[in-house]
Amino acid sequence: MAKLIVSQLMSLDGHLAGPGGDLSGLPMGAAFDQHNLELLRRAGTLVFGRTTFGMFEGYWPQVERDASAEPVQREIASLVRSVGKLVVSDTLVRGPDAAWPDAEVVRRAASRARVAQLKAGAGRDLLMYGGTMVWQDLFAAGLVDELHLLVGNVVLGAGVPLFAPGVTQRISLLGQRHLPGSEIVALHFEVSPRD
6 MAKLIVSQLM SLDGHLAGPG GDLSGLPMGA AFDQHNLELL RRAGTLVFGR TTFGMFEGYW
66 PQVERDASAE PVQREIASLV RSVGKLVVSD TLVRGPDAAW PDAEVVRRAA SRARVAQLKA
126 GAGRDLLMYG GTMVWQDLFA AGLVDELHLL VGNVVLGAGV PLFAPGVTQR ISLLGQRHLP
186 GSEIVALHFE VSPRD
């Protein structure tokens with residue numbers, strides 16, 4: 006059975022982005038890319054919300070074609086292109102000239118059932134970056150199996166919180182490590198099954 010793994014970069018005060026969804030204050034860099042590459046190598050499907058999918062589709066195809074891009078970034082771009090893609094959105098319309106025409110779009114109302122179906126298969130793990138509303142909904146439904154929280158050396162003071170108010174869930178720490186060459190601590194949690 007496949008797992009749904011959520012990986013999130015966050016500030017020390019628990020924000021995934023600053024006010025208005027601003028990501029510029031978060032510490033992205035080579036160590037962050039290496040961590041993402043390690044997770045991608047194990048994934049069979051990427052799960053996205055509409056906004057994160059748009060950012061990925063607008064960025065990674067260009068990186069893959071850029072001979073001057075860092076090798077880690079080019080490998081990420083190649084893996085992102087080659088894995089399955091599930092986009093949860095009620096508004097996304099795909100055109101014939103889309104960079105990834107094979108991406109599957111599912112409405113929010115059907116997303117839990119589709120993710121459960123993919124997890125029940127014998128395929129590789131599902132991986133999700135970003136997509137805060139989507140992953141929080143899947144988390145609340147008991148469909149998230151692991152959390153990889155990358156805690157950066159910044160306090161944003163306000164912005165998009167890691168969890169929506171009122172969410173409760175038991176999780177177990179599986180490991181922690183400092184990402185070499187960075188000021189990021191990676192925390193790896195297993196999400197306990199719901200009763």
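Just add 5 to wherever you are in the sequence shown, counting from 1, and you've got the working numbering.
Even for Gly, the Cβ is constructed at its ideal location relative to N, Cα and C.
Go ahead and label residue i buried or exposed: buried means 16 or more other beta carbons lie within 10 angstroms of its beta carbon, across all protein chains shown.
i	result
N158	exposed
T57	buried
M133	buried
G126	exposed
S197	exposed
S177	exposed
A191	buried
V165	buried
For residue i and residue j, which I take to be in contact (beta-carbon distance under 8 Å), what is that distance rounded to the nearest angstrom?
i	j	result
S187	G34	6 Å
V156	L17	6 Å
D38	Q67	Actually they are not in contact, since the Cβ atoms of D38 and Q67 sit about 15 Å apart, beyond 8 Å.
G54	V139	4 Å
V111	R119	5 Å
Could you give the DSSP three-state label for residue i: helix, strand or coil?
i	result
G128	coil
S87	helix
T56	helix
V48	The question names Val, yet the displayed sequence has Ala at residue 48. If DSSP states are grouped into helix, strand and coil, A48 belongs with the strands.
V120	helix
G63	helix
For residue i, which of the options has the nearest alpha-carbon?
i	options	result
V93	A115, A82 and P76	A115
R46	S83, R117 and M15	S83
A108	R129, A118, Q174 and V88	V88
L97	R79, E62, R86 and L148	E62
G19	P66, L161 and P76	L161
L167	E195, K8 and M15	M15
R113	Q174, I10 and L143	L143
N7	D150, Q174 and G23	Sequence inspection shows Ala at residue 7; the Asn mentioned does not correspond to that position. A7 has its Cα closest to that of D150, out of D150, Q174 and G23.
T137	I10, L21 and L9	L21
G25	A163, Q174 and L179	A163
R99	G59, L131 and S73	G59
W201	P170, G180, W65 and S12	Residue 201 falls outside the range modelled here, since the chain spans only 6 to 200, and no answer is possible.
Q141	R86, I189, H183 and P170	P170
What does DSSP give as the partner residue(s) for residue i in the beta ladder?
i	result
R182	A191
P101	P101 is not bridged to any residue.
V77	Answer is none; V77 lacks a bridge partner.
Q13	L154
S177	E195
A22	V165
M138	Bridge partners of M138: none, in fact.
E43	Answer is none; E43 lacks a bridge partner.
M133	V11 and V52
V111	V93
For residue i and chain C, any beta-carbon pair shorter than 8 Å?
i	result
G59	Although the question refers to chain C, the structure presented lacks it and comprises just one protein chain.
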